[in-house]
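Residue numbers (this note's numbering): -9 to 195.
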């Protein structure tokens, strides 16, 4: 399996240029921009681009990742953008956290490419932390991306389908609003990337 451990991601995130850039993923921006801010969890935050973006829109964010180097990069970006007081940076394994029930208004899982048992555990625990009416958004490389798309992990064990993720969220008691494979343009690539995008909500009280 090609999944790197925390030390591997620390090495990758040591590049001062950064890995993912400062802009949010297009699906994250499309689905979350303009929503009323509250308490958010960015699970597998990496270099913190989404945590900083959310904080800039008024969210109070807990950014969790097992790479201290990645979160250090996010912390510097948050300082530069004046949103450091809205983000709590937590070095932890995203597949083992247990957020408090009904404590969150948003859970964001963006490109947390884990084997199914680990990702399902993380998704289920995070879904259970949503307050009534809260939003859950997962954006990952889709299973179809391996043969039909561009970039992303080349290990099928860390790729899922929208149907799989939607089933986990329904089992956790959420209402699934969208579960799609979406095509994302990739600069310089002959084919677009294929993303698994699942949007869900906790039932209102």
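By construction, the Cβ of each residue, glycine as well, lies at the ideal position given by its N, Cα and C atoms.
Which whole-angstrom value describes the C-beta separation of residue i and residue j, a residue pair presumed to lie in contact below a C-beta threshold of 8 angstroms?
i          : j          : result
residue 73 : residue 35 : Contact flag wrong, Cβ pair sits at about 14 angstroms.
residue 96 : residue 40 : No, residue 96 and residue 40 are not in contact; Cβ-Cβ is about 11 angstroms, not under 8 angstroms.
residue 51 : residue 19 : Actually they are not in contact, since the Cβ atoms of residue 51 and residue 19 sit about 15 angstroms apart, beyond 8 angstroms.
Around the C-beta of residue i, are 16 or more other C-beta atoms found within 10 angstroms, so that it is buried, or is it exposed?
i           : result
residue 88  : exposed
residue 144 : exposed
residue 26  : exposed
residue 61  : buried
residue 152 : buried
residue 159 : buried
residue 37  : buried
residue 130 : buried
residue 193 : exposed
residue 84  : buried
residue 17  : buried
residue 180 : exposed
Of all the options the options, which has the alpha carbon lying nearest to the alpha carbon of residue i?
i           : options            : result
residue 150 : 106, 43, 175       : 106
residue 102 : 127, 190, 94, 49   : 127
residue 148 : 108, 173, 172, 179 : 108
residue 170 : 66, 193, 49, 186   : 186
residue 76  : 164, 64, 86, 138   : 64
residue 139 : 23, 173, 189, 71   : 173
**Message:** With three or more beta-carbon pairs closer than 8 angstroms as the criterion, would you say the stretch 120 to 138 touches the stretch 49 to 56?
**Reply:** no
**Asked** Which ranges would you report for the beta strand (DSSP E) in the stretch 72 to 96 if only whole runs of at least 3 residues count?
**Response** 77 to 81
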